[in-house]
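Enquirer:
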Amino acid sequence: ELGALLWEKCGMLRNKKGLQEALTKIPELRSEFWNNVRVPGDDEDFNQSLERAGRVADFLEFAELMCTDALARDESCGAHFREEHQTSEGEALRDDENFADVFAWEFQGNGEIAEPKLHREPLHFETVHLTQRSYK
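For the sequence shown, the numbering used here begins at 35 and goes up steadily by one.
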């Protein structure tokens, strides 16, 4: 269900509404996972069920962060394509004035109220200058 949600709402074609819908649904999926997860086995041997459960928990966290990042970057740039930010010819419409930087997110702890903290690092171009590209 998480994979289908990400494909539909945060895949190659994204938009604000879809990303917001995903950010509403992912906490519901996380809650359902933690309420229903069962890990058989014991601590005497390598427990693949525990490993798989940990991966699912990680995927849920990463999915939420990926949608949060895509929503925060209110532009299109390369593979990050927001439907509401495109040229009349369907090309990615960048916003270099506001988004010529690296986004780095800091984990703030577990729990539904623990929002990741955004750190932005400006990119500096000395030799090559930013320009709108055409992928046609």
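Even for Gly, the Cβ is constructed at its ideal location relative to N, Cα and C. Predicted model, so just to flag it, every value in this text is computed and none were measured.
Out of Lys-50, His-119 and Ile-60, point me to the one whose CA is closest to Gly-37's CA.
Expert: Checking every option, the nearest Cα to that of Gly-37 belongs to Ile-60.
Enquirer: Can you tell me whether His-119 is buried or exposed, with buried defined as 16 or more other CB within 10 angstroms of its CB?
Expert: Buried, because 16 or more other Cβ atoms sit within 10 Å of the Cβ of His-119.
Enquirer: Between Val-162 and Gly-124, what straight-line distance do the alpha-carbon atoms span, to the nearest angstrom?
Expert: In a straight line, the C-alpha of Val-162 is about 25 Å away from that of Gly-124.
Enquirer: Would you give the residue range spanned by the alpha helix (DSSP H) that Glu-95 belongs to?
Expert: 82 to 106 is the span of the alpha helix (DSSP H), which, as asked, contains Glu-95.
Enquirer: Do Gly-75 and Asn-69 count as a contact pair if the criterion is CB distance below 7 Å?
Expert: Not in contact: Asn-69 and Gly-75 (Cβ atoms no closer than 7 Å).
Enquirer: Can the beta-carbon of Ala-104 be found less than 7 Å from the beta-carbon of Arg-48?
Expert: Contact flag set, yes.
Enquirer: Who are the near neighbours of Phe-137 in its chain, counting only those whose CB is closer than 8 Å to its CB and skipping five residues on each side?
Expert: Cβ within range, chain order: Asp-103, Ala-106, Arg-107, Leu-152, His-153 and Arg-154.
Enquirer: Along the alpha helix (DSSP H) that carries Ala-138, what are the first and last residues, could you check?
Expert: It is not in any alpha helix (DSSP H) - Ala-138 instead sits in the beta strand (DSSP E) that spans 135 to 140.
Enquirer: So, at 7 Å on beta carbons, what are the nonlocal neighbours of Val-90 in its own chain, with the 5 sequence-adjacent residues on each side left out?
Expert: Excluding positions up to five away in sequence, the list reads Phe-67.
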